[in-house]
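Accompanying notes for the structure given below.
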Amino acid sequence: MRPHCHRIVLTLAIVGLSACSTTTLTNQWEDPRYHGGGFQKVAVVALSKEGTQRRIFEDAMVGVLEQRGVEAVPSYEFIGDRKHLSIDRLANLLRHQQSDAILATRLVDVEEEIEYYSPPTYPYRYFYDDFNAYYTQGWPPEANIASYTTVQLETNLYSAKSGKLIWSARSKTIEPGPTEEMVESVGEAVVGELLHDELLEKSQQRSARSGSRLLPDRPLERVRGKS
Numbered sequence: 226m227r228p229h230c231h232r233i234v235l236t237l238a239i240v241g242l243s244a245c246s247t248t249t250l251t252n253q254w255e256d257p258r259y260h261g262g263g264f265q266k267v268a269v270v271a272l273s274k275e276g277t278q279r280r281i282f283e284d285a286m287v288g289v290l291e292q293r294g295v296e297a298v299p300s301y302e303f304i305g306d307r308k309h310l311s312i313d314r315l316a317n318l319l320r321h322q323q324s325d326a327i328l329a330t331r332l333v334d335v336e337e338e339i340e341y342y343s344p345p346t347y348p349y350r351y352f353y354d355d356f357n358a359y360y361t362q363g364w365p366p367e368a369n370i371a372s373y374t375t376v377q378l379e380t381n382l383y384s385a386k387s388g389k390l391i392w393s394a395r396s397k398t399i400e401p402g403p404t405e406e407m408v409e410s411v412g413e414a415v416v417g418e419l420l421h422d423e424l425l426e427k428s429q430q431r432s433a434r435s436g437s438r439l440l441p442d443r444p445l446e447r448v449r450g451k452s
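Just add 225 to wherever you are in the sequence shown, counting from 1, and you've got the working numbering.
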């Protein structure tokens, strides 16, 4: 009876896995020489030859950034569908948009993964003196095999001013689903890490810092009132 219950639990786990996409960051790198603080406005670039998918991806990633309080703009708004763009031209467009960072994502790989869940087995000493247990062990329960799709993306953060790579990570998303759902999952992982590493700055942080600069450097002297 226990092996049968084990199969049911595994089946439910597999169904739950395919119900929504989950993303983890696998490889990650940050330039140890960078000490420029958090970037304030991000231009999102999806490196895709298919224009519609690119726009969907960029809009979804911008949505994640804005939900986290980071100002962002999709690159298709100022680059359009041009595939070949000089560095100087891109730099001018970024300056016009007042973007100080580029968040670029490309597809690395799509794989169909298969996992084999073997049924439970028991050491010989547990059933050697019980014929019923021994006979049952000769006909083990069926194994469980689960197949699912994984998508690997690479996301790089560049300084718009210098063009240098500041941060890079690869992500692995299980059962990606629709593009918007996958991007939201990837975006939460990527943006969360960039905020944690203080490579992105929220707009309210800038407002608070700007407000503090308006305060006087020393307390105002009391004005004596007339008695």
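Even glycine gets a Cβ: it sits at the ideal position worked out from N, Cα and C.
Give the secondary structure of residue i by DSSP, where H, G and I count as helix, E and B as strand, and everything else as coil.
i	result
residue 265	coil
residue 424	coil
residue 405	helix
residue 238	Legend: pLDDT at residue 238 = 34, less than 50; position of this residue unreliable, value from coordinates given subsequently. In the structure shown, residue 238 sits in a helix (DSSP, three-state: H, G or I).
residue 384	strand
residue 410	helix
residue 400	coil
residue 377	strand
residue 449	Confidence is the limiting factor: at residue 449 the pLDDT is only 39, short of 50, which leaves the residue's position unreliable, though a coordinate-based value still follows. Residue state, collapsed to three classes: coil.
Going by C-alpha to C-alpha distance, which of the options sits closest to residue i?
i	options	result
residue 289	259, 267, 313	267
residue 314	422, 388, 260, 400	388
residue 183	427, 323, 422	For the chain, the structure presents residues 226 to 452; residue 183 sits outside this window and is missing.
residue 419	397, 336, 391	391
residue 307	275, 321, 328	275
residue 303	321, 250, 398	321
residue 305	311, 287, 285, 280	280
residue 335	402, 261, 284, 424	402
residue 284	330, 369, 311	330
residue 424	398, 261, 340	261
Are residue i and residue j close, meaning C-beta to C-beta below 7 angstroms?
i	j	result
residue 338	residue 380	no
residue 324	residue 385	yes
residue 282	residue 297	no
residue 273	residue 407	no
residue 405	residue 265	no
residue 396	residue 371	no
residue 196	residue 269	Since the displayed the chain opens at 226 and closes at 452, residue 196 lies outside it and no answer follows.
residue 400	residue 373	yes
Just to check my reading of the structure: residue i and residue j have Cβ atoms closer than 8 angstroms, yes? What is that Cβ distance to the nearest angstrom?
i	j	result
residue 326	residue 383	7 angstroms
residue 428	residue 263	That belief does not hold up - the Cβ atoms of residue 428 and residue 263 are roughly 11 angstroms apart, past 8 angstroms.
residue 248	residue 411	5 angstroms
residue 394	residue 253	4 angstroms
residue 333	residue 278	Residue 333 to residue 278, Cβ: 16 angstroms. No contact.
Step through the CB atoms of chain C and report whether any lies within less than 7 angstroms of the CB of residue i.
i	result
residue 369	In the structure shown, chain C cannot be found, because there is only a single protein chain.
At 3 residues or longer, and completely inside the stretch 249–316: list those beta strand (DSSP E) runs for me, N to C. 266–272, 296–299
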